Amino acid sequence: MSNELLHQELSALRQSEEKFRSIVENANDLIFLLSPEGIFSYVSPNFTDILGYDLAEIEGRSFVPLIDPDDLPICYQAFETAIATGQKQSGIEYRVRHKNGNWRWHTLNLAVKKDSHGEVVSIIGVARDISGRKQVEQQLHRQAQFLQSIWDGVDYGIFVLDVLEGGTEFRYANYNSAMARISPIPFKSLLGKTVSEAPGETDIPFRRRYQECLQVGQTVSFEECLRQEEGERWWHLNVTPLRNSAAQIYQLIVTVTDISERKQAEEALRRSEAELRQRSVELEAALRKLQNTQAQLIQTEKMSSLGQLVAGVAHEINNPVNFIYGNLAYANEYTQDLIRLLNLYQKHYPEPEPEIQTVAAAIDLDFLIADLPRLLASMKMGADRIQKIVTSLRSFSRMDEAEFKAVDIHEGIESTLLILQSRLKAKHDRPEIRLIKEYGNLPLVACYAGEMNQVFMNILSNALDAMEDRDRRRSVEEMQQMPSTLHISTEVLDKEYVVIRIADNGPGMTESVRQRLFDPFFTTKPVGKGTGMGLSISYQIVTERHGGSLKCLSVPGQGAEFVIQIPIRQRLAESETQ
């Protein structure tokens, strides 16, 4: 061969080599050569960019340390098959360790290079990094598993309908295991069939609901009853449309919940609703009665304690007052005797000794003789007043009498008025409250005297509160022109009842307040000033304890009148006297 020809072949060879090297160096894939023993004899430069290794760290070393141990069997098999058969091995997927320790997915194609004797001298490998694709595949796989777990794991049925013929027909495409459990017919037999071909569907307006979903383009919910030989079964269904890339509805997803038990419970609830309402009304009434009883017991205990206190105070005051009152008579008699004797001395000894004249002038004897009887008379008047107060306190407390007996109603009213007398008197900012009494000729009335006194006290106190509150907003001139007034009257009605009327000319009350006046805990007074139990307990005392009635008549701006009516003779009294 001539030198010129040799030179041409070498030049062509160099061009071919440069072209191959350019292809290799600019390729996205990894290109390498392995010896039959699996040793790298060449790696493309992008090995460093893709896996982070320097070429010196790879060439002359085995490929085994780079491969994930779990993937080595696949790689060995492909390597050995290529050597043994000389055939190309394609699509081998395995994991390669990056220099930073991460594992990356590659796909590998292997081809063998033989010498002139047919012996394998090297293996050519072309690898491509598919880590991104693998991540997507793994993510899609996880999502598919997740959706499948939901599909099979939910406890409500799901089935899929294909939309056919422009929305006039629907075909069963898929279903989950829960749907197979709750369906009255084998759902597997429905696959591929249209709704009109399904058995039993002609009696259920499902098609209309499916078409409604197509029309509104969003989820439609409804309940349907499936009537079968073994009874009724209720379903709750949600129909949701699925759209393709052209925004056309091509499938319907239907979720089905068996609500038969809930429907049965609702029916049972409806049947028992009237009974429960009645029971609730009874319990509410019992609770109100219990609350009233509790409040009355508390108030009764308070009044009992107050009565004992009043009776005790009256008793303690009565003893020294009786002592003073009893001795005042003797003191007055002794004083008159001494004055009479002194007058005799002045008559028979008109010119006393100078010393006596000095003392007489010093003590103003003439004034002392004239004023001492008046002083004793004033002391007697005060003692009389104290005795009346003590009598009223004892009468109000009724501690010295039997609990139930015939009493003078007027005496109870008078004792209550005496206790409240300080509130009737004039004060610096208002004139006195006028008191008008019109008592009828009442017989003795069998009653609980202490409790009736409590009723009088509650009604009179409320009347005084109302008038005092009104007077705080009035001038002295207005109060003088129309003074606050209490009007108390009594009478016998039909020879069987006693009627006590207690009226005031206060501000009155609205109809809504009057309707609730005797309700427990209802009060129009500020917090801390009223408990709302006084009139409620008074109502119970009159109506329940005495078999009478307690009414209130009132108009705003025209005062209020309380009318108490109780029998003259109580059945309880009659039974106790027999």
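In short: position in the sequence shown from 1, add 12, done, that's the working numbering. Yeah, the Cβ is synthetic: ideal placement off N, Cα and C, and Gly gets one too. All figures in this text were calculated on a predicted structure; none of them were measured in a lab.
When only Cα atoms are considered, residue 119 and residue 138 end up about 8 angstroms apart.
A residue is called buried when at least 16 other Cβ atoms come within 10 angstroms of its Cβ; residue 208 does not meet this threshold and is exposed. Around the Cβ of residue 285, a 10 Å sphere holds fewer than 16 other Cβ atoms; the residue is exposed.
Boundaries of the alpha helix (DSSP H) around residue 429: 421-431.
Check the Cα spacing between residue 260 and each of 469, 298, 175: the tightest is with 175. The residue among 516, 525, 279, 198 with its C-alpha nearest the C-alpha of residue 494 is 516. Exclusion of the five residues before and after residue 167 leaves 190 as the residues of its chain whose Cβ lies within less than 7 angstroms of its Cβ. Around the beta-carbon of residue 385, fewer than 16 other beta-carbon atoms lie within 10 Å, marking it exposed. In this chain, the beta strand (DSSP E) harbouring residue 109 covers 101-109. For residue 91, the enclosing alpha helix (DSSP H) has its first and last residue at 84-97. Separation of the CB atoms of residue 109 and residue 117 is rounded to 12 angstroms, and the pair is thereby denied contact status at 8 angstroms. Apart from the 5 residues on each side of it in sequence, residue 179 sits with its Cβ closer than 7 angstroms to the Cβ of 223, 226 in its chain, given in chain order. The alpha carbon of residue 206 has as its nearest neighbour, out of 74, 570, 142, 177, the alpha carbon of 177.
Annotation for residue 87: 79, 106 place their beta carbon closer than 6 angstroms to its own, counting only its chain and skipping 5 residues before and after. The region 418-425 makes contact with the region 445-458, as at least three CB pairs between them are under 8 angstroms. For secondary structure counted as the beta strand (DSSP E) over 3 or more consecutive residues, the region 154-205 holds these complete runs in sequence order: 169-176, 181-187. Residue 162 sits exposed, since fewer than 16 C-beta atoms from the chains shown fall within 10 Å of its C-beta. Per DSSP, reduced to three states, the secondary structure at residue 222 is helical. For residue 551, the enclosing alpha helix (DSSP H) starts and ends at 546-552. Our two residues, residue 82 and residue 55, have alpha carbons roughly 24 angstroms apart in a direct line. As the crow flies, the alpha-carbon of residue 362 is around 15 angstroms from that of residue 352. In the DSSP assignment, residue 54 forms a beta bridge with 45. A straight-line Cα-Cα distance of about 15 angstroms links residue 375 and residue 364.
In the three-state scheme derived from DSSP, where H, G and I count as helix and E and B as strand, residue 418 is classed as strand. The alpha-carbon separation between residue 245 and residue 194 amounts to approximately 10 angstroms. Residue 459 counts as buried, since at least 16 other C-beta atoms from the protein chains shown sit within 10 angstroms of its C-beta. Under a 10 Å Cβ-count criterion, residue 256 is classified as exposed, with fewer than 16 other Cβ atoms of the shown protein chains found around its own Cβ. Of the residues assessed, residue 571 falls on the buried side of the cut-off, its CB having 16 or more other CB atoms within 10 angstroms. Judged by DSSP in its simplified three-state form, residue 40 adopts coil rather than helix or strand. Under the criterion of beta carbons closer than 8 angstroms, residue 445 and residue 498 qualify as touching, at roughly 6 angstroms.
By the criterion of a C-beta distance shorter than 6 angstroms, residue 448 is surrounded in its chain by 499, once the five residues flanking it on both sides are discounted.
Residue environment for residue 465: buried (at least 16 other C-beta atoms within 10 angstroms of its C-beta). Its Cα nearest to that of residue 218, the residue 238 stands out among 69, 238, 228. Boundaries of the beta strand (DSSP E) around residue 574: 572-579. Taking all protein chains in view, the Cβ of residue 482 is crowded by 16 or more other Cβ atoms within 10 Å, so the residue is classified as buried.
Taking residue 254 as the centre and dropping the five residues before and after it, the same chain places the C-beta of 261, 262, 263, 264, 265 closer than 8 angstroms to its C-beta, in chain order.
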